[in-house]
Every structure is written in structure tokens, then in C-alpha cells.
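First the structure, in the form of C-alpha cells, and then the observations on it.
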Amino acid sequence: MSENTLNAFLGETPIGQFRRTNDGSIIFQYHDSYRWSQSPTPISLSMPITAAEYSGDIPRNFLEALVPESPQARDEAMRLHHARSTSAFDLLQAIGFDATGALRLSADPHLPIDDDSLIPISDSQIANRLRAAAPTGIQSASVDEHWSIAGQQGKIALRNRNGSWFSTTGIARTTHIIKPGIPTLPHQAFNEHITMRIVEAMGIPVAHTSFHIFDGVPAIISERYDRIVSANGTVTALHQEDFTQALGIPSSLKYEEHNGPTSNAYAEMLRKHGLPGQAESNIRAFTDGILASYLVGATDSHAKNYSLLLDGASVRLAPLYDLASVFPYLGHGKQIINATLAMNIGGRRDLLQLRRKHLERFAQRMGLDEESVILRFHTLVDRLPEAFDSTVQPAHDVIASIGAQEFIDSYRKRIMMVYDDAMSWMASRKGQ
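For reference, each letter of the sequence shown is one residue, going 1 to 432 in full-length UniProt numbering.
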């Protein structure tokens, strides 16, 4: 075991090693045995399988994308797990056993395969951890847990077995991510859950979510799509990475407006990878995600909110996740809300200002037929009101219990504004 090595595994298979040099540089290299195995899965599209070493920004950016962005979360993880620093390399030596996708990271070249206990955890205990996570965006864990999830929001990761919750120790895999929402935005956890369900009702694959109140703390529960649970309870992890990792860029460039890549740069990436036929499917699925985000006012769909599932040479766009709408908050109070999209659509990112010419330009940049994209947008618009109502109506009792009726009314009002605006210009001859 060395403080300057970080061994990488996909599942229980050793695939390579990250090394930190004396000057702080990060190097990654695949093991020869893995390179020559049958249909090996790359750790990242930014680091294809080769005998050469990867150095510079790409391996560092890859690791940084596996840990929380919040400085408070990193400080807490360092304190709790006695890591040497808040660098991703040092943190992952302590909490890398259950990283994103199938990835496991360890300072030791051998995983502690017998260390995988599940500890029952009650709703009140979950609530206490969510209360701790919400204000500062920390990942609320115990000293024996070794999972790491990226992002700004506070969260916890747990295993669910037959309806009961467990914290995981050692190398045991988590199956669900639970978030209390953003404290400064009313009903934010419910917002994310209901927005995800609306988009699903429009026919777009999303991560499965539910809404639950843990001893007075409302939270969204996301079922991890990178985990498969067998009938006997065995958990298998699927490998994935987000778009920043796939391009080898830092998380600080996740926003297009902060000099990050544009949507067409991601389309170019998707076109270069995957099995025959996957590129077109992935680009259209990505296009659906951008169009749906516009329609429901999910303005924060940046590059870390899109991911890829990797399996050998196969590359598939992951289900959408972390979709929450800005619509319920517009026009309320003095709080400044960002009402522009994280990714532009044909040069336009303002809500209620999308027109045919923007969709045509967007289609060109994505390398898709213009009329097919316009037709797809029309289809999604047609589905929008019914998707909203069919999602909200069954949640009537929950909405009443949390006092969110005004919130929902505001949400629907703006959904219908988007719908009416789109139907108006699409009905005109030019729709410019």
C-alpha cells in the first residue's frame, strides 16, 4: 500500500493504476492483463485502452469528477475518513470502494472482498443524516462507509433490500441515492421528483425516483441505474461516466456559458464512440434530453448531468437524472433565479423564446435531419400537458400534506405558457 498509488477496479477486476508523482502529477496506466482480456471496458472514453500512460489533466480531471464539488463536503470527508488532504486522489483512497459506475478505487492492490456488511438504518437516522447534509452539500456518511458521489447537493447513498434501508460498509454497493433538496428553494426535493416523472411520462428514459418524508425531512430517492439487483439480492454495478469525464475536461467547465463545450461538441463525441448504430441513437436521446429540459424548465442540465454507460465497445446514453424545474419559482419573492438553459438550442437559451429557426440550427449542429428534430419537438410539446396532469393527479395527497398546492399551480401555469407559445409558432407557416 502506498500513499501515491490508487488501484482501479471495475467490479472486482483490477484494470489499472493511478500514480501520483513527486511533483503532484497524476498518471494512469492499464494493466497488460486487462488490456488483453476479452472485450475490456475502458475506464473512460477520454482514456481508451492502450499500453501507453495517460498523464496531465485528463486522469486528474477524471478523479476530480468522482468526488463532491463542495469544499465543505470535501473537508468533512477528509475529517471523517482521516484522508491526507481534500484532493480527489487522497479522498478516493479513503472512500473509493463504491465510486460511480462499476469503478472501485483502493490504495491496496487487493480489495477486501470479505468486508461488505449491511447495517440497518431507521427513518429517524436517515433524517438526521439528511439534516446534516442539506445546509452545506456534504455527503453524510459514517466512518465505515466508503462510497463517493459527485455533485454540489448534499446526499447520502444506501442499500435498499426488500423495502428496508441499510448503510453499507467496506466494499458493499449502494443501490439508492437520497437527497433532502436545496434548503433555499421550497419543495425542491419534490420538484425534482415530479419533474423527473413528467419527463418520463413524455416518453423519455429517466432514473426511477420516489418521494418520501423521513421523520419530517422530505427527500427524493433515486434508484441507481448503474446498479442491477438480482432476485437473491446480489448487486452488480454497471460502468458509467459523465460527459466531463468522457471529454477529459474539469468539472469547472460543465457549463457552456463558462467556456465549457457546446451541445454539438458532445454530439461529436457521441458520434465517435460505440457500436454500429449507437451513435445515432445516443445523439437523438441526448437531443430529447435537451428539448425536454427546455419544455419543463430544467435549466441546470449541464455536462455533469448527462452520463454514458460503458460496456466493452458499447456506449449508451444513460437515463436522465437531476432534472428540476425553475418554473415554480419564477415571479416569487426577491430571489434571483437563473431562467436560462445550461445548454443553448441553436443559439437560444432563454425560456419561451425558442423558434423553428433555432431548432433547425440545433439539428444542423447535432448532425440530424432538421424536420425530424422539429417533428420530435412537436411530439414532446403535444405530450406535455397530459404528462404534467397524469403525474401530478396521483400525487394529490402528498401535495396537500406538504402544502405544495400553490407551488404546483405555479408550475402548471408556466408549463402551459411554454405549451401555448410552442403551439402558436408551430401553427404558423414560418414559425420563425
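Beta carbons: idealized from backbone N, C-alpha and C, even for Gly.
Remember, it's a predicted structure, so these values are computed and weren't measured experimentally.
For V418, the enclosing alpha helix (DSSP H) begins and ends at Q405 to A427. In the structure shown, the three-state DSSP call for T244 is helix. Burial state of M423 is exposed, judged by a 10 Å Cβ sphere holding fewer than 16 other Cβ atoms. The beta-bridge partner set that DSSP reports for F62 is empty. With fewer than 16 other beta carbons inside 10 angstroms of its own, G312 counts as exposed. Per the coordinates, the alpha-carbon of F362 lies some 17 Å from the alpha-carbon of T299.
Counting along the chain, the unbroken beta strand (DSSP E) around G16 starts and ends at T13 to R20.
At a Cβ-Cβ threshold of 8 Å, Q188 and A324 count as neighbours. In the structure shown, R355 falls within a coil segment according to DSSP collapsed to helix, strand and coil. For R161 and L330, the gap between their C-alpha atoms comes out near 39 Å. Residues of the same chain with a CB within less than 7 Å of the CB of R19, apart from the 5 flanking positions on each side, are N4, T5 and I27 in chain order.
When only Cα atoms are considered, G289 and D123 end up about 34 Å apart.
When the alpha-carbon of Y321 is set against those of F166, K179, T236 and S87, the nearest one is in K179. Apart from the 5 residues on each side of it in sequence, T41 sits with its Cβ closer than 7 Å to the Cβ of L10, H239, L310, D311 and G312 in its chain, given in chain order. Secondary structure of R224 (DSSP, three-state): coil.
Beta bridge pairing from DSSP links D98 with W147. Between the alpha carbons of H273 and L308 lies a gap of roughly 11 Å. The C-alpha of I402 is placed about 10 Å away from the C-alpha of H396. The region 261-273 and the region 197-217 do not touch, with fewer than 3 CB-CB distances between them shorter than 8 Å. V206 is bridged by DSSP to L320. One alpha carbon belongs to F388, the other to A246, and they sit about 33 Å apart.
Each of F190, P205 and G96 was checked against the Cα of F407, and the nearest Cα belongs to F190.
For Q93, the secondary structure class from DSSP, reduced to helix, strand or coil, is helix. The C-beta distance from A237 to A102 rounds to 4 Å, short enough to meet the 8 Å contact threshold. For V199, the enclosing alpha helix (DSSP H) begins and ends at Q188 to A201.
Taking the Cβ atoms as the reference, A107 lies roughly 7 Å from S2, within the contact range of under 8 Å. D144 and L80 have their C-alpha atoms spaced approximately 9 Å apart. Beta-bridge pairing by DSSP links A219 to H212. Close CB contacts of A88 within its chain, under the 7 Å cut and outside five residues either way in sequence, are with L63, E64, L66 and V67 (chain order).
In the three-state DSSP reduction, N259 falls in the coil class, being neither helix nor strand.
Here the alpha carbon of N344 sits roughly 7 Å from the alpha carbon of S263. Separation of R129 and P71 (C-alpha to C-alpha, rounded to the nearest whole angstrom) is 18 Å. Rounded to the nearest whole angstrom, the C-alpha separation of S293 and V392 is 18 Å.
A straight line joining the alpha-carbon of N305 with that of H258 spans about 16 Å.
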